[in-house]
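Asks: Protein chains in written order, with the working numbering: chain A, 5 to 343; chain B, 5 to 343; chain C, 5 to 343; chain D, 5 to 343. Glycine residues also receive a C-beta, built at the ideal position from the N, C-alpha and C atoms. Since the structure is predicted, the reported quantities are computational estimates derived from the model, not experimental observations. The structure is given below, and queries will be raised subsequently.
4 protein chains.
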Amino acid sequence: MATRLQGIFTPNLVPYDAHGDINEGELRRYVNWLIEKGVHGLYPNGSTGEFTRFTVEERKRIVSIIADETRGRVPILAGAAEANVKETLKACEFYAELGVRAVAIVAPFYYKLSPASVYAYFKEIGDNTPVDVTLYNIPMFASPIDVPTVKRLSEECERIVAIKDSSGDLPHMIRMIQAVRPNRPDFSFLTGWDAALMPMILLGCDGGTNASSGVVPEITRKLYDCTVGGQLDEARQIQYDLVNLFDTMLYSAEFPDGFRAAVELRGFQMGRGRQPLSSEQTTDLDALTKTLQCHLATHGYTDEPVGGCPIPSADERDLTEVSEIVARVVSELHQRGMM
Amino acid sequence: MATRLQGIFTPNLVPYDAHGDINEGELRRYVNWLIEKGVHGLYPNGSTGEFTRFTVEERKRIVSIIADETRGRVPILAGAAEANVKETLKACEFYAELGVRAVAIVAPFYYKLSPASVYAYFKEIGDNTPVDVTLYNIPMFASPIDVPTVKRLSEECERIVAIKDSSGDLPHMIRMIQAVRPNRPDFSFLTGWDAALMPMILLGCDGGTNASSGVVPEITRKLYDCTVGGQLDEARQIQYDLVNLFDTMLYSAEFPDGFRAAVELRGFQMGRGRQPLSSEQTTDLDALTKTLQCHLATHGYTDEPVGGCPIPSADERDLTEVSEIVARVVSELHQRGMM
Amino acid sequence: MATRLQGIFTPNLVPYDAHGDINEGELRRYVNWLIEKGVHGLYPNGSTGEFTRFTVEERKRIVSIIADETRGRVPILAGAAEANVKETLKACEFYAELGVRAVAIVAPFYYKLSPASVYAYFKEIGDNTPVDVTLYNIPMFASPIDVPTVKRLSEECERIVAIKDSSGDLPHMIRMIQAVRPNRPDFSFLTGWDAALMPMILLGCDGGTNASSGVVPEITRKLYDCTVGGQLDEARQIQYDLVNLFDTMLYSAEFPDGFRAAVELRGFQMGRGRQPLSSEQTTDLDALTKTLQCHLATHGYTDEPVGGCPIPSADERDLTEVSEIVARVVSELHQRGMM
Amino acid sequence: MATRLQGIFTPNLVPYDAHGDINEGELRRYVNWLIEKGVHGLYPNGSTGEFTRFTVEERKRIVSIIADETRGRVPILAGAAEANVKETLKACEFYAELGVRAVAIVAPFYYKLSPASVYAYFKEIGDNTPVDVTLYNIPMFASPIDVPTVKRLSEECERIVAIKDSSGDLPHMIRMIQAVRPNRPDFSFLTGWDAALMPMILLGCDGGTNASSGVVPEITRKLYDCTVGGQLDEARQIQYDLVNLFDTMLYSAEFPDGFRAAVELRGFQMGRGRQPLSSEQTTDLDALTKTLQCHLATHGYTDEPVGGCPIPSADERDLTEVSEIVARVVSELHQRGMM
């Protein structure tokens, strides 16, 4: 039996070149850097990886490049959702041949499907896939996968081996673990919500697919290690800090542009995104970059921006200011049902 | 200047063959039938046409077949949304060469984008498209296109000539018309919400892209004619009846399976859909088919099902019963924010 | 049998004196003015009337004053919802003795109740009320009353004679009318959504309880008369204009402060509201007052503000501007589920 | 300076007598039992205590009885929200004279207010209250209190000393703690979401106002003690079990009827609730009572029901079954935005 999926899987961003195409050289360089910094695995073609903005061929190419560059050093979880079950199964076969550890498949989106349809969709995939499957639940973007559906699929389909849940809802995670683990001790639970990584692990999660690990892999990894190792006071401090950084990247720009801007600060040329920006948005993104640079500079990951950063007061007031601004946005997004 | 888009455009369903592929012969037969029954135009690759469940090549083939079969008898509005702006513009060019009257482009989906991003997306398309563009607003499935965005795009992009709005929100339609028409008298407003077709037209809409017109083109067309012609009492009766039928098709099965089942009753082999069904769902769909058959039989469009229909009472109680059941579902969907 | 509720019922605002208490003199003057301007009925203790911000005793006093001043000239629909069924029935008795035509009772709020509970609540009231009852459905604020519940209550409780629906959802109104009217031709349907008054009446509504009729009773009344009388072109123009005014009052301030500011411009001292305002909000309200004054001045209902109004261009661009601003807010509120 | 609010505060249910009035004797008996079982404080007039279903006088009487019976053994947090600021301040004065430790005030409800209005409301209360105030954030029922508002109020109003947050959103709690604690180390953070009590405390919360502590005070208290004491494995097990019980009570009946049914099983006569039930609901409640009895019997808190309970399998499958059913309901409620 294969090992249970565990640890931090980085949902890869994709660098673009000047023509808006995949920048293969930079992608390879980025993959090596992530592995050196200690992430446990890679996760291309996720939401962070903008999978919907690529063609079928591009999605295949992204995983091919990453698999080639990784050479088995870390396991790969490849996003494999395509237009329908048949196309998705074709993608599963392709990725299986590349030697990925598993695929991750988001529930059908655009149409909001009922639990019965979500079950039927994954059942057909689970019965025919040549590679292990991770369910991907992200109710803010796709049809939700509810607890009874996860339970039923885990009982009926051996090749369905994990769920990645990006709801950030802790009691929901507890409900899933209770429903599934007694019968499937090998089933893995991963959280996609960085702002709750520590408590998720403390309550039983096996790890996470966390966008922040693509930006500050050192921090996300350390948070995981401290939490698993029982150093809770240190973990709590890191978690608090990560909430600030995560919120700033998530809510100050259209997703995943904040994360792209931060990775750029770590030394990678990410290029202009495929979703066009208005001129106001471009200006906002520049401002965000400065804020992020100051944040990353406090960790020594970058220099401070020209002109310097706001002087940090004893009580970390500057972080509080940022936190306050993003919190207002968070609150709005919550009310709009966009989180 | 091209004529303003007007009248009833049918959002085409796509028949599948035994292998789940496009059934070209049946699609051609269906197109002819729709034109003979009097619809003003055809609208392939919409939500009703399950555009997300086809590959890029299949989407192109669907429009090619329809354009070939139509031979200019009615205008075609072709859904052209692809993975990103570049791919979408490629599709626009392809459809332009086929001679479609315009394309329809849904706002970006999966990610929920802000109005600024939705503007930037359509602005880039509007500035580079070789064919007229209809904006497609369907907030239950995709990023919403708000009134100021429609206004700004209508002022800046001559090739953006219409909006199809499926929100069903009447005051929203009034706000759009007031914001746009003074500067763009040629701009067309189409509603995608069959249950409000009559009042939408009375308040200023130019027509609709209505899924029911693919099932009962005679009725949808008559509703349009009566409303435009000022026969309001007759129109109201037809609108009431259409709400019943529309609700039944919309809420008693996963969209658009209810519409597919009804078209089957009109004599077309639609085949099994691409989204798998659980066995319970298959049973439910059979029951729905009987209900629909009874409804269509009252209009003489089909025979009654074997075993007959519930005896219609003087006060149309049977329709009320159906209405009651679907109303409960409607109410639930509304609360879930799924409508 | 009593006459069916019909026409425009004004949801009364309540003027406050310098101490924040009910300003009886001004309330009496306001009631007379409304009746003279032609509204068909009065509706105290609705959402517009801020019923939740008064004590039980104050709510009773408001209706007592209005009943006394009205002296039977127009029917009164009195909001009677209290903390629980027992208290609500006590209020019904009190209002019955004052001679009101009917009471209006909102579904339970704070807790979001299921349809079964909403049914049980109204069933107990309907079985014990000494006065006719209007159901009040306002799903943005209170537990929704769904179509099957309205149907069942209309069949089981003779004293439930009407529904006031503030959802603004036209197909929902059609569903209710179809479900109820065959068995209860005396049942009345009133809409609380001014922005859809004309189409609601055209589709079968008996009238409305419209907040705008407390501000511009001449206009709301004329819209009703033109629509009922079949002057659709004139009605459409009035409806368009009313959407502008309604949106401005509704979305530019906390409800119902925009309506209160407008009534002040018609010559009534409304006083400071009971919900405190921040200093920014007070400034915003002053700006709103100017906008409203310009709108009302175009109808000759007030003078222009000192400093004048923006020059109206041929295409009514100024209204469009206002419309644009409020539309953005509307769009946001919609997304937040606050409408 | 008064001590920081800490530990488990029980949101008191109110027993009714045969006439639907407050059953004083049973309420006193219940209060004593709770104190003996070890809860740290009492919290009357909360959502669990159905505060909206009582008259002003009844709300005062409930706190009076509890204060009289408690005789200072544990601190009391009294719900004090009334129709408007003036009435709420009167209630604050009344409860202050009874010697309560603090009042808890929910944000304005029915109308959905903006952050500016929520701020202005609490600012006026915070500036004039004679007793410490706990903010009460419960966005599923009332206007949300966002992070910047909590921060600003904590800085401007010394008498605002705590927030009770029932959103169950962990990152939100982290954001609040980060925004407030640097300047107000005496400010207390309480969670109202039992299903996340353990992680909330691990991340920095001071305690909770947890409805389950009114049913199984032994368990809630033990969960708190184990978590604070670092016995995480034991705590995790208790938290898992509590999620099951909490879900069953919360989602299998209209809130708070499931909790009332469970307290009845602990030996208190709770009486029939004030919100009427349909006959189907009454039947459902009987079934729920059996399920709860079996759950409580596994802890030895009650006997098994006549006829016995499902045989517990080695892997606690029975709990899983219950969990599965409620999870489906949870999922639905989540989608409906009712949680």
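When you compare the CB positions of residue 253 of chain C and residue 19 of chain C, do they come within less than 8 angstroms of one another, or not?
Replies: No, the pair does not count as a contact, with Cβ atoms beyond the cut-off.
Asks: Beta carbons nearer than 8 angstroms to chain C: which residues of the segment 8-32 of chain D have them?
Replies: From the segment 8-32 of chain D, only 24 have a Cβ closer than 8 angstroms to chain C.
Asks: Taking 8 angstroms as the limit between beta carbons, can you name the residues of its chain near residue 288 of chain C, skipping five residues before and five after?
Replies: Hits under 8 angstroms: 256 and 257.
Asks: Can you round the beta-carbon distance between residue 153 of chain C and residue 177 of chain C to whole angstroms, since I take them to be within the 8 angstroms contact cut?
Replies: About 15 angstroms; that fails the 8 angstroms criterion.
Asks: Is residue 11 of chain B helix, strand or coil by DSSP?
Replies: In this structure, residue 11 of chain B counts as strand in the three-state DSSP scheme.
Asks: With distances taken between CB atoms, is the gap from residue 78 of chain A to residue 45 of chain A smaller than 8 angstroms?
Replies: Yes, the Cβ-Cβ distance between residue 78 of chain A and residue 45 of chain A is below 8 angstroms.
Asks: For the beta strand (DSSP E) containing residue 165 of chain A, list its first residue and its last residue.
Replies: From DSSP, the beta strand (DSSP E) with residue 165 of chain A extends over 164-169.
Asks: Let me know the beta strand (DSSP E) ranges lying completely inside the segment 7-85 of chain D, each 3 residues or longer, listed in chain order.
Replies: Taking only runs of at least 3 residues, the beta strand (DSSP E) segments lying wholly in the segment 7-85 of chain D are 11-14 and 81-83.
Asks: Can residue 280 of chain B and residue 124 of chain A be called in contact, C-beta distance under 8 angstroms?
Replies: Yes, the Cβ-Cβ distance between residue 280 of chain B and residue 124 of chain A is below 8 angstroms.
Asks: Show which residues of chain A have a CB atom less than 8 angstroms away from the CB atom of residue 207 of chain D.
Replies: Those within 8 angstroms of residue 207 of chain D in chain A are 202, 203, 240 and 243.
Asks: Could you work out which residues of chain A lie near residue 172 of chain D, taking near to mean beta carbons separated by less than 9 angstroms?
Replies: Under the 9 angstroms cutoff, chain A gives 173, 174 and 175.
Asks: Are the CB atoms of residue 89 of chain B and residue 107 of chain B within a distance shorter than 8 angstroms?
Replies: Not in contact: residue 107 of chain B and residue 89 of chain B (Cβ atoms no closer than 8 angstroms).
Asks: In chain D, which residues lie with their C-beta within 8 angstroms of the C-beta of residue 250 of chain C?
Replies: Chain D residues near residue 250 of chain C: none, gap ~17 angstroms exceeds 8 angstroms.
Asks: Can you list the residues of chain C that residue 247 of chain B reaches, using a CB-CB cut of under 8 angstroms?
Replies: In chain order: 175, 178, 179 and 182.
Asks: For residue 14 of chain B, is the classification buried or exposed, using 16 other Cβ atoms within 10 angstroms of its Cβ as the cut-off for buried?
Replies: It counts as buried.
Asks: Would you kindly check if the distance between the Cβ of residue 159 of chain C and the Cβ of residue 187 of chain C is under 8 angstroms?
Replies: Closer than 8 angstroms, so yes.
Asks: Quick check on residue 345 of chain C: buried or exposed, where buried means 16 or more other Cβ atoms within 10 Å of its Cβ?
Replies: What is shown of chain C runs 5 to 343, which leaves residue 345 of chain C out entirely.
Asks: Count the other CB atoms within 10 Å of the CB of residue 182 of chain B; is the residue buried (16 or more) or exposed (fewer)?
Replies: Buried, because 16 or more other Cβ atoms sit within 10 Å of the Cβ of residue 182 of chain B.
Asks: Given this structure, state the Cα-to-Cα distance separating residue 10 of chain D from residue 236 of chain D, to the nearest angstrom.
Replies: Those two C-alpha atoms are separated by around 20 angstroms.
Asks: Can you tell me the Cα-Cα spacing of residue 230 of chain A and residue 126 of chain D, whole angstroms?
Replies: When rounded, the distance between both Cα atoms is 40 angstroms.
Asks: If you run the structure through DSSP and keep just helix, strand and coil, what is residue 132 of chain B?
Replies: Three-state result, residue 132 of chain B: helix.
Asks: Note the first and the last residue of the continuous alpha helix (DSSP H) segment covering residue 192 of chain A.
Replies: Element bounds for residue 192 of chain A: not the alpha helix (DSSP H) but the beta strand (DSSP E), 192-195.
Asks: Could you pull the DSSP bridge partners for residue 139 of chain A from this structure?
Replies: Bridge partners of residue 139 of chain A: A:109 and A:167.
Asks: Who are the Cβ neighbours of residue 209 of chain A in its own chain at under 6 angstroms, not counting the five residues just before and after it?
Replies: Counting only Cβ-Cβ distances below 6 angstroms, and skipping sequence neighbours, we find 193 and 195.
Asks: Mind checking if residue 143 of chain C is an interface residue toward chain D, Cβ cutoff 8 angstroms exclusive?
Replies: Output row for residue 143 of chain C: interface = no.
Asks: In terms of residues, what are the limits of the alpha helix (DSSP H) holding residue 262 of chain C?
Replies: Run containing residue 262 of chain C: 261-269, per the alpha helix (DSSP H) assignment.
Asks: What residue from A:251, A:239 and A:296 has the CA that sits closest to residue 205 of chain A's CA?
Replies: Minimum Cα distance to residue 205 of chain A is reached at A:239.
Asks: Is DSSP giving residue 212 of chain C helix, strand or coil here?
Replies: Residue state, collapsed to three classes: strand.
Asks: Who are residue 146 of chain D's beta bridge partners in DSSP?
Replies: Residue 146 of chain D pairs with D:113.
Asks: Along chain D, which residues have their Cβ under 9 angstroms away from the Cβ of residue 236 of chain A?
Replies: Those are 206, 234 and 236, listed as they occur along chain D.
Asks: Between D:285, D:111 and D:268, which has its C-alpha nearest residue 120 of chain C's C-alpha?
Replies: Of the listed residues, the one whose Cα sits closest to residue 120 of chain C is D:285.
Asks: Residue 284 of chain A CB to nearest chain B CB: under 8 angstroms?
Replies: Interface residue, yes.
Asks: Going by beta carbon distance, what residues of the same chain come within less than 6 angstroms of residue 298 of chain D, once the five residues before and after it are set aside?
Replies: 313.
Asks: Run down chain B in chain order and give the residues with a C-beta less than 9 angstroms from the C-beta of residue 124 of chain C.
Replies: Under the 9 angstroms cutoff, chain B gives no residues; its nearest Cβ is about 16 angstroms from residue 124 of chain C.
Asks: Let me know if residue 291 of chain C comes out buried or exposed under the rule of 16 or more other beta-carbons within 10 Å of its beta-carbon.
Replies: Exposed, by the Cβ-count rule.
Asks: Would you call the CB atoms of residue 200 of chain A and residue 227 of chain D closer than 8 angstroms?
Replies: Not closer than 8 angstroms, so no.
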